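Okay, so here's the structure we're looking at.
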Amino acid sequence: MKWFLLLALLLLGGCPSKEAAQAPASAELPHVGQIYVFRLLGGGTRQDEVTEVTAERVSLTRSALMPGAVAAIASAAVTHVDESLAGPSPSASIPPGTAYDKIGEETLVVSGESFPCEVRKLKSGPDVREWVSPRWPHLVRTRSGPFTTLELTQVLEKREEK
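Basically the numbering used here = 1-based index in the sequence shown + 4.
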């Protein structure tokens, strides 16, 4: 009888896919006030400040600054973004549903925190690679050919304003 119930559940609900997105463990959740700093191609930086965390999503204020940018232009580049806590990242170079090969695993350490990553390579087309972690922010590094286009470099706590 138990086997019949299990079989019925699988048929009705479907088998969980290998790629099924799962929210990270609570110890790995981002928290309000954390700032994720990314280095961008061309020497720019992107900062994602966590403003809210729910069971399904992370809300953040995103700002980007390129070298030589005027402060007025930089302040105009501030956006508010909601990202799924379970992934995938909307910043992905390899969009969901696109064929890729898993070419390895690597753990990247940023600000003393470990981000175990699956290294993915676009199956066809240009040499695009991503380091994808089950931990939020999921996308830790992207590379296009020999160029690193996005890389998480720091995880900071927000400074209290005086």
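Virtual Cβ for every residue (Gly too), placed ideally from N, Cα, C.
Keep in mind that this is a model prediction, so the values were computed, not measured.
Nearest-angstrom Cα separation, counted from residue j out to residue i
i	j	result
T111	P141	14 Å
K162	Q51	11 Å
S63	D86	4 Å
P71	T49	9 Å
L44	V57	25 Å
F42	S95	12 Å
S148	Q38	28 Å
T146	T153	6 Å
Simplified DSSP assignment, three categories, for residue i
i	result
E32	helix
W140	coil
T146	strand
E60	coil
L44	strand
Contact check, residue i vs residue j, beta carbons under 9 Å
i	j	result
V123	G101	no
V132	L143	no
R82	R66	Rather than Arg, the amino acid found at residue 82 in this sequence is Val. Contact: yes.
Y104	L69	no
S88	E134	no
Bounding residues of the beta strand (DSSP E) (the contiguous stretch that carries residue i)
i	result
L160	151–161
For the region 65–132, which segments carrying the alpha helix (DSSP H) assignment without a break, of at least 4 residues, lie completely within its bounds, in sequence order? The region 65–132 contains, as complete alpha helix (DSSP H) runs of 4+ residues, the segments 75–80 (chain order).
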